[in-house]
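Q: For reference, the structure I am asking about is given below.
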Amino acid sequence: MKTIKLMKQTMIDEFEVDGFWFNPNNPNHKVHGKLSFSPKDTYLNLFGSLTQSADDPLSLRQGIHFDTICGETLSGELVSLFHIIQTSNRTSFSGYPSQTYKFNFMIVGGHFSSADDLLFEKVSFNSTYLESFMNSSPYTYDFEHDENGFMKSTSASFKHPEISKWEIPSIDCIFSTNSNFNFSTSGYKNVSMEFKALLDLVSNSPQNYTWFLDNIYKLLNLFSLFIGKEQFLKDLIFKIKDTPEVQNNKYKVFFTQQDFKEGKDIDSIKCITFLDIKDNLAIYLNTWFLLYNELEPIYNLYLDTKYQGIYEEWKFLNYTRILEGYHRLRFKNSTFCNPSDYDQIKDEIITNLEEIITDDKLQDLKKNIQNSISYAYEYPFKKRLIDVANSIDAPIFNRVFKNKKDMKGFMNKVKETRNKMTHPQTEDSNIFRNYKLYLANIRLSALIHALILIDLGFASDYIENKLFYLYYNLETAKKELN
């Protein structure tokens, strides 16, 4: 069997590796087993039992009192499996036990008793489309031809891209570029060169694994807005400081990504690339993390809807929720009067209702009216949409809408469509359906996308140009709707 080196694998590889496995609380009891990993599934098949004991030889009564399994592969690599679940516990007719465990994630490079022990200072990662997002080739080529035009010689050279660094004060980190290069030959026939772009996140103080992963996903969400494609991790390497006591400070992480996909390289003209933003990246990154604290539900719902949405009705309702929520969070003056001033007005209305509606049969109606006026001082849904649209600069506005009349008519139809979807009993033909609903969603998504880029500090002319490419049917929506 070919020896597998786990440190050379990535999260998009499929592999199996044999080793000996144990419960960290009982390190002397080791069981032979096979670890299997793929982007879709992970499990550990043991040819024995970690829970077997003298008074329970079949492991039928003893529960799982550990959350981590450690092991060592036959090639000598140390592995830790976290958040384990026992999925099978069998005993053969001949009396030999076997068990199967699933796990949430694994770390190669060391043994840890608990996920709480995973403290690191640096993480390096590679994600989908990263090399084309960086938009800079590390290779140069030279071709020499003879006088007849036939190729005489060819040479290729590699140079690591220059490392760039940016401080992110909001999370007390340094963000930087990095790269990895592998070169190999096979006899006289083949030469192979492989470049991998990497991004580093270095904390100024040790942080838990989950802290790093949370901030990596926030970065990937930002990159997905830049390139218009959902992001997934492909390689994830953690490091700690070099000390005389620590022999290996590099740890590779693996976990499944059920929805993983990666298409062709991105088109640098259509997307926002690294070269476009590198000069102002420190501002964009710091602003992004600051805004995430305030707008996390908005961002998460938008990205989930944009990339996971299947049904246009579901996407439409989510986009309207996002715009309404964005207005509530970002537009502070969004009431007809001061809430404290409204309390007196509301009390007077309620007093008048008590005098007007006295019939016992109408008491439920009276309560409903009283409840409905509790927040009457707030802007209604349609006005919030119009406020948001009016807040964007002319270049972006004119890319999304024909004019102010077109925008107001569109927002009115958005309101009517949402009312129809949330109150199906109402009759109204002035709503978006089928293809028009699809176009309406493109318009709403582009508007939300633009708002996020505006908040980050991108210039309006630049946003307008990228919207043209990122939303292919936006111009069609402007022509067809209303």
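Residue numbering for the sequence shown follows the UniProt record's numbering, beginning at 1 and increasing consecutively.
C-beta atoms are modelled at their ideal positions from N, C-alpha and C, and glycine is treated no differently.
1) Starting from residue 38 and walking both ways along the alpha helix (DSSP H), at which residues does that stretch end?
2) Measure the Cβ-Cβ separation of residue 50 and residue 79 and say whether it is below 7 angstroms.
3) For residue 449, which of 467, 440, 462 has the nearest alpha-carbon?
4) Kindly list the residues whose CB is nearer than 7 angstroms to the CB of residue 441, restricted to its own chain and excluding five residues on each side of it in sequence; keep chain order.
5) When you compare only the Cα positions, how much space is there between residue 373 and residue 420?
6) Could you tell me the alpha carbon to alpha carbon distance between residue 550 and residue 470, rounded to whole angstroms?
7) Compute the distance between the beta-carbons of residue 84 and residue 107, then report whether it is under 7 angstroms.
8) Measuring straight from C-alpha to C-alpha, what distance separates residue 386 and residue 408?
9) Based on the DSSP output, what are the partners of residue 176 in its beta bridges?
10) Would residue 19 be called buried (16 or more neighbouring beta carbons within 10 Å of its own) or exposed?
11) Any chance the segment 96-110 sits against the segment 161-168, with 3 or more Cβ pairs inside 8 angstroms?
12) Look at residue 334 and residue 135 and say whether their C-beta atoms are less than 7 angstroms apart.
13) Does DSSP put residue 1 in a helix, in a strand, or in coil?
14) Taking DSSP as the reference, what is the three-state secondary structure of residue 466?
15) For a test of the three-state rule: what should DSSP assign to residue 442, helix, strand or coil?
16) On the three-state DSSP scale, how would you describe residue 472?
17) What's the gap between the Cα of residue 231 and the Cα of residue 221?
18) Between residue 494 and residue 110, is the Cβ-Cβ spacing less than 7 angstroms?
19) Skipping 5 residues on each side, what residues in its chain have a beta carbon closer than 6 angstroms to that of residue 45?
20) Are residue 132 and residue 266 close, meaning C-beta to C-beta below 7 angstroms?
21) Work out the CA separation of residue 75 and residue 1 for me, nearest whole Å.
22) With distances taken from CA atoms, which of 401, 71, 73, 42 is nearest residue 87?
23) If I measure Cβ to Cβ from residue 475 and keep anything under 8 angstroms in the same chain, skipping five residues before and after, which residues do I get?
24) Just the C-alpha distance for residue 403 and residue 397, rounded to the nearest angstrom, thanks.
25) For residue 161 and residue 179, which I take to be in contact (beta-carbon distance under 8 angstroms), what is that distance rounded to the nearest angstrom?
26) Excluding the five sequence neighbours on either side, which residues of its own chain have a C-beta within less than 6 angstroms of the C-beta of residue 453, listed in chain order?
27) Checking 7 angstroms against the spacing of the C-beta atoms, do residue 261 and residue 11 come in under that value?
28) Just to confirm the assignment, what range does the alpha helix (DSSP H) spanning residue 237 have?
29) Which first and last residues belong to the alpha helix (DSSP H) in which residue 321 is found?
30) Mind checking who residue 72 pairs with in its DSSP beta bridge?
31) Determine the DSSP secondary structure at residue 8, reduced to helix, strand or coil.
32) Are the Cβ atoms of residue 299 and residue 322 separated by less than 7 angstroms?
33) Between residue 146 and residue 140, what straight-line distance do the alpha-carbon atoms span, to the nearest angstrom?
A: Quick answer:
1) For residue 38, there is no enclosing alpha helix (DSSP H), as DSSP marks it with neither H nor E.
2) No, these two residues do not count as a Cβ contact at 7 angstroms.
3) Comparing Cα-Cα distances from residue 449 to each of 467, 440, 462, the minimum goes to 467.
4) So the qualifying residues of the chain are 312, 315, 316, 319.
5) In this structure, the straight-line span from the alpha carbon of residue 373 to that of residue 420 is close to 22 angstroms.
6) What is shown of the chain runs 1 to 482, which leaves residue 550 out entirely.
7) No; because the gap between Cβ atoms is not below 7 angstroms, this pair is not in contact.
8) The alpha-carbon atoms of residue 386 and residue 408 are separated by roughly 7 angstroms.
9) According to the DSSP secondary-structure assignment, residue 176 is paired through a beta bridge with 165, 200.
10) Taking a 10 Å sphere around the C-beta of residue 19, we find 16 or more other C-beta atoms and assign the residue as buried.
11) These segments do not touch.
12) No Cβ-Cβ contact shorter than 7 angstroms links residue 334 with residue 135.
13) Because the pLDDT of residue 1 is 49, which lies under 50, any placement of that residue in the model is unreliable, and the number read from its coordinates should be weighed accordingly. Assignment of residue 1 by DSSP, reduced to helix, strand and coil, places it in the coil class.
14) Here residue 466 sits in helix by DSSP.
15) The answer is helix: DSSP assigns residue 442 an H, G or I state.
16) Secondary structure at residue 472: coil, using DSSP grouped into helix, strand and coil.
17) Going from the Cα of residue 231 to the Cα of residue 221 covers about 7 angstroms.
18) Residue numbering for the chain in the displayed model covers 1 to 482; residue 494 lies beyond these limits and cannot be assessed.
19) For residue 45, where only same-chain residues beyond five positions count, the Cβ hits under 6 angstroms are 33, 34, 100.
20) Their beta carbons are under 7 angstroms apart, which means residue 132 touches residue 266 by this criterion.
21) Here the model assigns residue 1 a pLDDT of 49, short of 50, so the residue's position is not dependable, and the following value carries that caveat. Cα to Cα, residue 1 sits roughly 12 angstroms from residue 75.
22) Each of 401, 71, 73, 42 was checked against the Cα of residue 87, and the nearest Cα belongs to 42.
23) Around residue 475: 468.
24) So the alpha carbons of these two residues sit roughly 8 angstroms apart.
25) Taking 8 angstroms as the upper bound for CB-CB distance, residue 161 and residue 179 are in contact here, some 6 angstroms apart.
26) So the list reads 463, once near-sequence residues are dropped.
27) Annotated as distal: residue 261 and residue 11, with beta-carbon spacing of 7 angstroms or more.
28) Residue 237 -> not in any alpha helix (DSSP H); beta strand (DSSP E) instead, spanning 233-239.
29) Taken as a continuous stretch (DSSP letters only), the alpha helix (DSSP H) holding residue 321 covers 312-330.
30) In the DSSP output, where bridge partners are listed per residue, residue 72 has 20, 78.
31) Helix, per DSSP.
32) Note that the C-beta distance between residue 299 and residue 322 is not below 7 angstroms.
33) Straight across, the Cα-Cα distance linking residue 146 with residue 140 is about 21 angstroms.
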